[in-house]
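This report concerns only the one structure given below.
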Amino acid sequence: MTLSTLRTRTAETLLPFLVGGILWEGGCRFFDVSPQILPPPSLIAAQAVELWAKGALRQHILASLFRLLLGYVLAVTAGIILGALIALKSDIRRMSSLTLSLLISIPTITWVPVLLITMGLGDRTVITAVFLGGLFEMIYSTALGVENVNRRIVDAARIMGAKRTDLFFRVMLPASLSFVIPALRLCIGYCWRALIGAEILSAMIRWGLGKMIFEARFWNDVTVMFIGLLSIGLLAVLFDRVFLRRLERITIEKWGIAARIDA
Amino acid sequence: MKPRTVFLALLPLAGFLLTWQVLADQRWINTALFPSPGQIAASMAALMTEYEDGRSVLAMHVFTTGKRLAAAAMEGIVIGMTGGCLLAVSRWFYRLANPFILLILPIPGIAMAPLFIVWLGFGDQVIITIGAVTTFFPVAYNTYAGIRSVNPQIVHAASIMGAGPLRILVQVYLPWAAVYILNGIKLGLARCWRTVVAVEFIAAADWGLGYMIWDAAEHLNASVVYGGIFLLALLFVILEKGLINGIARLTVNRWGFSLS
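Protein sequences, first through last, are from chains D and Z. If you count the first sequence from 1, you need to add 766 to reach this note's numbering. If you count the second sequence from 1, you need to add 1121 to reach this note's numbering.
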């Protein structure tokens, strides 16, 4: 990417926010909207800087990221292993299909009361909820991806003497990435949802973006709620750009495997 | 389906429930925390036959959640499809709206709940609005992608043969994009379902399955919690398999496509 295209793209991304921000700020001032209902962006920014300087915002973000990423990594790892097992062993597939579609339909937040009862009110509950939130989608999509790998490629690799582990890691897994990468994206979304839900419901947790947003409710502090929501949005976009987009570019885009479109 | 397939599909569930029942009957697990499947079924049956104002309590919870889900999904789908069409038709609109969509898309519905509670108060309105917001995004994006995927030559052909813009939208673009749109709706419905139940946990005043589960958990009534979870899973499987696959069979499957 050349410098000038980079510059245009940055401008294209920032311009809408600039326009939106000015309209928002202007609207708030012109109509004299109470900051108790809709704070202007200038107030949100000032408050965010203050919260960051106090160290509170950073602590909330770090606590949430730790739980999110730990749960996510566990869910992805377990999901890929179990998904591959399901796809490769037809008896396991038959045994798991009904159970999996039931499990996938359960809103993750409903696990939280069960986890609160069984695992207590702390971090373990939240991380387990994040794990469960991402797990079933990952299993399902990995299984679908591995099932859809062209059998001829697998046979060709086998004839050329590939061992079982090679066959999986160097043939099947790369070939199923056009399913797995969209699943990674869906999965982080489910994990975020589980994280925020669990943080809200877990009484013993002090730090975390979900906690921050929920506690702002007691003071009707809409500004802090906006800061929390924006932090979640920005962190999610950042994760997508830094990790998932890059992964896509060096794998399925480079190899020319069509990606499915999901949101 | 072959009997072997049915048997294998039911095996893990039956095994799990049976083991649980035996463990609970033998008091090897704490039945206050893990009541046996029999107790769970009994307490659900009790809720079903418990009447308030002449209506079954369990049925009211299910009905309320269903009503909210239907309202939220309808709003989200209609606005989402409109938004997706706009995004696809106007480059200018796309450039302006896309950064905002990218930013808001990943925010979980339950995180928006406190904000919307301040704006709208407790109850139905908050739950339906947040449900609609979360349904909107996948529907809009997939509608957009579907419309962009239409071969322009087909559009030209239709317009040469005298079709007006509205007719081209309804008879060319939308059927052609139907696979994408239905996938978007499927995804949106899944998000909507999760969001509605989740927001019911914190914003429902008296009815709804999410409220029922959270209320039971706060009163340490474990059998209603487990029963509620099982009921939620069952309801959504029926909804997804019945509704979405039904629509797909009537439309895209007949045209030779299938949903992912």
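In this text, a Cβ means the ideal position worked out from N, Cα and C, and glycines have one as well.
Asked	Found
Interface positions of the region 1141 to 1154 of chain Z facing chain D (Cβ-Cβ less than 7 Å), listed along the chain	Leu1154
Distance between Z:Trp1213 and D:Ser968 (C-alpha atoms, nearest Å)	44 Å
Outcome for Z:Asn1263 when other beta-carbon atoms lying within 10 angstroms are tallied against a minimum of 16	buried
Delimiting residues of the alpha helix (DSSP H) encompassing D:Tyr838	822 to 854
Given D:Tyr906 as reference, the closest of D:Ala949, D:Val785, D:Ile810 once Cα atoms are compared	D:Ala949
Per-residue DSSP class, three states only, for Z:Arg1176	strand
Limits of the unbroken alpha helix (DSSP H) element including Z:Tyr1301	1299 to 1324
C-beta atoms of D:Pro879 and Z:Ala1319 nearer than 7 Å	no
Status (buried if at least 16 other CB within 10 Å, exposed otherwise) for Z:His1277	exposed
Identity of the residue in Z:Val1254, Z:Gln1292, Z:Ile1225, Z:Ala1145 nearest D:Ile997 by Cα	Before going on, a small fix: residue 997 of chain D reads as Ser here, not Ile. Closest option to D:Ser997, Cα to Cα, is Z:Ile1225.
Residue-level contact to chain D via CB, Z:Leu1130, 7 Å cutoff	Per the sequence shown, residue 1130 of chain Z should be read as Ala rather than Leu. Yes - at least one Cβ of chain D is within 7 Å of the one on Z:Ala1130.
Coil, strand or helix - D:Ile803 by DSSP	coil
Reduced DSSP secondary structure (H/G/I, E/B, other) of Z:Gly1201	helix
Residue burial classification, D:Thr774 (beta-carbon count within 10 angstroms, cutoff 16)	exposed
Residue from Z:Leu1371, Z:Glu1361, Z:Thr1372, Z:Leu1168 whose Cα sits closest to the Cα of Z:Leu1190	Z:Glu1361
Partners in chain Z for D:Val842, counting only beta-carbon separations shorter than 7 Å	Per Cβ cutoff of 7 Å: no residues; D:Val842 is ~17 Å from chain Z at best.
Simplified DSSP state of Z:Asp1245, which is helix, strand or coil	helix
Chain-order list of residues whose beta-carbon lies under 7 Å from that of D:Thr894 (same chain, five-residue window excluded)	Leu881, Met885
Residue span of the alpha helix (DSSP H) that contains D:Asn959, given as start and end	In the sequence as presented, Asn is not what sits at residue 959 of chain D; that position holds Arg. Taken as a continuous stretch (DSSP letters only), the alpha helix (DSSP H) holding D:Arg959 covers 943 to 967.
Beta carbon proximity, D:Asn714 to chain Z, threshold 7 Å	Residue numbering for chain D in the displayed model covers 767 to 1029; residue 714 of chain D lies beyond these limits and cannot be assessed.
is_contact[D:Phe796, chain Z] using C-beta, thresh 7 Å	no
Nearest neighbour of Z:Pro1227, chosen from Z:Leu1287, Z:Thr1316, Z:Gly1331, Z:Leu1217 [CA to CA]	Z:Thr1316
Beta-carbon gap between D:Ile760 and D:Glu1019 smaller than 7 Å	This structure cannot settle anything about residue 760 of chain D, because the visible part of chain D is limited to 767 through 1029.
Cβ-based burial, Z:Val1143 [other Cβ within 10 Å; buried from 16]	exposed
Proximity test, Cβ basis, 7 Å: D:Ile1027 and chain Z	Bear in mind that the predicted position of D:Ile1027 carries a pLDDT of just 45, short of 50, making it too unreliable to give a figure here.
Cutoff 7 Å: Z:Thr1126 Cβ touching any chain D Cβ	yes
C-beta neighbour in chain Z for D:Arg860, strict 7 Å	yes
Where Z:Trp1335 meets chain D, residues with beta-carbon distance less than 7 Å	Pro879
Extent of the continuous alpha helix (DSSP H) to which Z:His1277 belongs	1273 to 1281
Range of the contiguous alpha helix (DSSP H) that encloses D:Trp877	877 to 885
Contact residues within the region 1154 to 1166 of chain Z, judged by C-beta distance below 7 Å to chain D	Leu1154
Contacts around Z:Pro1156, its chain only, beta-carbon distance under 6 Å, and the 5 residues preceding and following it disregarded	Ala1343, Ser1344
Partners in chain D for Z:Ile1349, counting only beta-carbon separations shorter than 8 Å	The amino acid occupying residue 1349 of chain Z in the given sequence is Gly; Ile does not appear at that position. Result: Thr876.
As assigned by DSSP and simplified to three states, the class of Z:Thr1152	coil
For Z:Pro1286 and D:Leu961, the rounded distance between their alpha carbons	45 Å
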